[in-house]
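To start, the structure itself, in structure tokens.
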Amino acid sequence: MQKHILPRRGVWANPDEIMVTMGAQNALYLLADLLMQGARVGLEEPGYNDARHIFGMRAREVVPLAVDGSGLCPDDALAQCDYAFITPSYQCPTTVTMPLERRETLLREARRHDVVLIEDDYDTENPALTQPIPALKSLDRDGRVIYVGSLSKSFVPGIRLGYIVAPAAVIRQARALRRFMLRHPPANNQRATALFISLGHHDALLRRVAPIFQRRAEILRDMLARHLPQARAHNSPGASSFWVEGPPGLDARKLAAIALTHGVIIEPGDVFFSTDAPSPHFRMGYTAIAEERIEEGVKLLGQLIGQAMVR
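Residues 1 to 311, numbered by UniProt numbering, are exactly what the sequence shown covers, in order.
In structure tokens form, the structure reads like this:
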């Protein structure tokens, strides 16, 4: 982890600043339990729904933070927070990549208002075709960014290995807290993963699947334009999903339920918002579906979308 995974993201850490977890979600739960009791925690809107629920169990308030075409907006709402959870590499769920200038502004505003940033480097273990911007943590000069990552997408999802990078004092407390939940992630899983990475197999795997994922993303983009011309789709290079905004009046949750009965799976976008209002947005992944099946699924969505209009 220290020698191979983190340096790829521009993150350099000592062993006592790294803790292995049972995936990124376990890392977020530990951080919430350790740090957020009675705190005000900012979360991107739209944002990672499980993080909203995890932080909501401990925080005094979860504050929605606006997102635009450059990612999280470092506005007045950020100044109200003690902590802010962000996904700057591929914003969840929009896949927007935060540009360098916005990252520098965010760090400056966080320093000004004494906000601790929790960076989930979501989706970056997937092979991007362009040189990715290094993690926000790589720009951190005063230990203000707590960094969370995972190997679940690029290695074996079921092995559930993630990590936290934070100041040594935070890691010591996190280890002590983790001891009450489990002693440590299974040592055999850690060793097998370490060998896989150190022998170069992880890098080889990423190189091998990169053109496969690129082709699937291109096909999905083309099919969305062909069969759902009334929708707007966004996918940053290397992101493992598309964020789709359907036509006005679409209830994406209703569309997802109808599509599921026909064997097509999409994720309704309302779960990523803090309100319960119907949303025309939905998320589509492409990494686990064969190329030849993409068009038939998107074509079917285009045929079903009329049944999910509410006005």
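Just so it is clear, CB atoms sit at the ideal spot from N, CA and C, and this is done for glycine as well.
- Counting C-beta atoms within 10 angstroms of its own C-beta, R283 has 16 or more neighbours from the protein chains shown and is therefore classed as buried.
- Looking at the DSSP output, A66 shares a beta bridge with E45.
- In this structure the segment 168-185 lies against the segment 20-30, because at least three pairs of beta carbons, one per stretch, are closer than 8 Å.
- Here the segment 245-263 lies against the segment 273-280, with 3 or more beta-carbon pairs under 8 Å apart.
- Considering only V116, T87 and G143, the residue with the shortest C-alpha distance to D123 is T87.
- According to DSSP, residue pairing for H281 in a beta bridge involves E245.
- When DSSP reads this structure, R232 sits in a beta bridge with E245.
- In this structure, the alpha-carbon of I265 lies about 12 Å from that of R293.
- In the DSSP assignment, T105 falls within the alpha helix (DSSP H) that extends over L100 to H113.
- Taking C-beta separations shorter than 7 Å and ignoring five residues to either side along the sequence, the partners of L177 in its chain run L30, D33 and L34, following chain order.
- Judged by DSSP secondary structure, A84 falls within the beta strand (DSSP E) whose first and last residues are Y83 to I86.
- Between E101 and V67, the CB-CB gap reaches or exceeds 8 Å.
- Between R60 and A79, the beta carbon gap of about 16 Å keeps them out of contact (Cβ cut-off 8 Å).
- By the neighbour-count definition (other C-beta atoms within 10 Å, threshold 16), W243 is a buried residue.
- Taking the C-beta atoms as reference points, S240 is found nearer than 8 Å to T287.
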